[in-house]
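Heads up: the structure comes next, in structure tokens.
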Amino acid sequence: MISKNDELTVTILDLGVNGEGVAKVDGAVVFVPFALPNEVVKIHIIHAKSHFYVGKIVEILTPSPMRVTPPCPHFFKCGGCDLQHMNHACALNFKTNLVINALKNIGKVENAEQLTLPCISKNEFYYRNKFSFPVGTNGEYAFVGMYKKNSHEIIEIKNCHIQMPWAKTIIEIFNNFLNTSKNTVYNEQTKQGLIKHLVCRMENNQLLVCVVVNGNKLNNHEMLIEKLKPHFKNFGLMLNVNKLHNNVILSNTYKHLYGIKTISLVEDNLKYETTLNSFMQVNSQISNLIYGHVQSMVENEIVVNAFSGSGFLSGLLAKTAKHVYGIEIVESAHLDAETLKTNNNIENLTNILGDVSEKLKTIKEFNTIVLDPPRKGVSKEVVNTILSVLPKTIIYISCNPSTLARDVNSLTNHYNIIFAQPYDMFPQTKHVETVVKLKLKQQSQF
Ligand SMILES: C[S@@+](CC[C@H](N)C(=O)[O-])C[C@H]1O[C@@H](n2cnc3c(N)ncnc32)[C@H](O)[C@@H]1O
């Protein structure tokens, strides 16, 4: 019987879904954050629950050859990354196994190992094109930070190793602005204070800076513009007014203060624009790989691109498809997709604004459907509509193996999985992006 504050020595058997080590003592599961498979570690039990325990490493008695020193000094405290203590091969293996285990255990896919390909990766660090950092204070000065692991405490960070190098410059500039301008910092407990978050996105040397405030204005905003000018040629500054006291970072109310309002890009000969509140994948190198992969699977046929965001993938698919229907619920993203259609003279694309659960029912015929839903996956209605139309191919892009496996399970009576391809869209974190291709079975196999 294990109790809180016990000290024991365990051998780590595997990694859990959060990248933590997993050991077994007398049949009970013990989670050991930051421990790696095959390591022998001395641990201190910090949580003793009815059916599992959590142990903190006191000493690593036998270190794994896969253990590395995290490059980020904030790693063991910061809630942003989970895997910086393991080498890249170990992290990729962990992600491939996440997909296999979800397909096997939730999706009930018997041959998940054979169907799942090794995780593809491009960049280990410095990949993010966007950040949303909370702003905090230590009583002496204000700073841009990150939430501490499993908490809402804001810890100061001077740099973030998964952000592109421009993020460090902005952090320095904004920290300076915070402490020299006449602005207060928002406090989650008292619900008082002005500045809540700093949200930035940069692509192709175009930077969008957004300050989220619990109020109507940012004092001395001209000062911030002047501080940014020597470092960034092409940028825009906007305010997001968010007076609600919840976990949602951005409201729908923006005030444009300076410079560019959108980011304009040309990729694969497609001109497109995106705004701050339209969804955009955070790792452009990996998302471009995925888009190319998905495009290669689409022939001259009628395609639905459900959950289409700013419409880049719709535009790409329209190059080979007979017709593409893009469905997106966020108005700004839908408008981006309409601009993309106009700017590129695409005639075989229809962008539909609305909920996929409703709008998919209005498309009577399609041969291929691309699904790229948020973490919660697709609704029962979407599955039912797909099963009533029975398109020959389903391409499911997912950032959550659990909901992916659940949704795949509801389709496998009628569809065969051809492959599951994990991608390391979010290196150093426990998250993985997966593309699954499903093919309609012959009628006789239903
Ligand atoms: C994971 S993103 C994918 C976006 C796009 N495929 C891309 O690669 O940029 C999911 C998108 O689905 C949209 N969305 C979320 N729920 C939706 C719903 N019920 N109906 C339609 N779109 C939805 C979000 O606004 C977001 O743009």
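Under the working numbering, read the sequence shown as residues 1 to 446, first letter to last. Yeah, the Cβ is synthetic: ideal placement off N, Cα and C, and Gly gets one too.
Which residues does DSSP pair with residue 78 in a beta bridge?
148
The beta strand (DSSP E) enclosing residue 200, as first and last residue numbers:
195-203
Identify every run of the alpha helix (DSSP H) within the segment 72-139, keeping only runs that are complete inside it and at least 4 residues long; order them along the chain.
Runs of the alpha helix (DSSP H) inside the segment 72-139: 88-105 and 112-115.
Can you tell me whether DSSP reads residue 407 as helix, strand or coil?
helix
As an exercise, report each continuous alpha helix (DSSP H) stretch of at least 4 residues that is fully enclosed by the segment 334-360, in chain order.
Within the segment 334-360, the complete alpha helix (DSSP H) segments at least 4 residues long are 356-359, listed from N- to C-terminus.
How far does the alpha helix (DSSP H) with residue 291 in it reach, from first residue to last?
284-296
Are residue 196 and residue 135 touching if we call contact CB-CB under 9 Å?
yes
In angstroms, rounded to a whole number, what distance separates the CA positions of residue 282 and residue 208?
Approximately 14 Å, taken between the alpha carbons.
Note down, in chain order, each residue of its chain lying with its Cβ closer than 7 Å to the Cβ of residue 111, except the 5 sequence neighbours on either side.
none
Quick check: what's the CA-CA separation for residue 364 versus residue 380?
18 Å
Could you please give me the residues that DSSP links to residue 60 through a beta bridge?
41
List the DSSP bridge partners of residue 423.
120 and 433
Determine the DSSP secondary structure at residue 28, reduced to helix, strand or coil.
strand
Apart from the five residues on each side of it in sequence, which residues of its chain come closer than 6 Å, Cβ to Cβ, to residue 357?
379, 381 and 382
When you compare the segment 122-139 with the segment 49-67, are there three or more beta-carbon pairs, one atom per stretch, that lie closer than 8 Å?
By the criterion of at least three beta-carbon pairs nearer than 8 Å, the segment 122-139 is not in contact with the segment 49-67.
Relative to the C-alpha of residue 43, which residue among 50, 24 and 239 is closest?
24
Can you pull the DSSP bridge partners for residue 143?
Residue 143 pairs with 136.
Kindly confirm or deny that the segment 313-326 and the segment 346-353 touch, where touching means at least three C-beta pairs closer than 8 Å.
yes
I'd like to confirm something about residue 279: is its beta-carbon nearer than 8 Å to some heavy atom of ligand 1, or not?
It does: the Cβ of residue 279 is within 8 Å (strictly closer) of some heavy atom of ligand 1.
Given a cut-off of 9 Å, decide if residue 437 and residue 414 are closer than it, judged by their beta-carbon atoms.
no
Closest to residue 367 by C-alpha separation, out of 238, 94 and 298, would be which residue?
298
Whole angstroms is fine: what's the gap from residue 34's alpha carbon to residue 117's?
26 Å
May I ask whether a heavy atom of ligand 1 can be found less than 8 Å away from the beta carbon of residue 374?
yes
Whole angstroms are fine: how far does the CA of residue 186 sit from the CA of residue 422?
39 Å
Going by beta-carbon coordinates alone, are residue 124 and residue 427 separated by less than 9 Å?
Less than 9 Å divides the Cβ of residue 124 from the Cβ of residue 427.
Give me the residue from 40, 67, 30 and 39 with the minimum Cα distance to residue 50.
30
Would you check if the segment 211-229 and the segment 237-250 touch, i.e. whether three or more CB-CB distances between them fall below 8 Å?
At 8 Å Cβ cutoff, the stretches touch.
Under the three-state reduction of DSSP, which class applies to residue 238: helix, strand or coil?
strand
For the alpha helix (DSSP H) holding residue 315, just list the boundary residues, first then last.
312-318
8 Å CB neighbourhood of residue 332 in its chain, flanking five on each side removed:
Excluding five sequence positions before and after residue 332, the CB atoms of its chain that fall closer than 8 Å to its own CB belong to 275, 277 and 278, given in chain order.
Just to confirm, does residue 423 get its C-beta within under 8 Å of one of the non-hydrogen atoms of ligand 1?
no
With a threshold of 7 Å on Cβ separation, who are the neighbours of residue 100 within its own chain once the five nearest residues in sequence on each side are excluded?
Exclusion of the five residues before and after residue 100 leaves 112, 113 and 116 as the residues of its chain whose Cβ lies within less than 7 Å of its Cβ.
Whole-angstrom Cβ separation of residue 162 and residue 424, contact assumed at under 8 Å?
Incorrect: roughly 12 Å between the Cβ atoms, too far for contact.
With burial defined as no fewer than 16 other Cβ atoms inside 10 Å of the residue's Cβ, what is the status of residue 443: buried or exposed?
Burial state of residue 443 is exposed, judged by a 10 Å Cβ sphere holding fewer than 16 other Cβ atoms.
Where do the N-terminal and C-terminal ends of the alpha helix (DSSP H) with residue 383 fall, by residue?
Residues 380-389.
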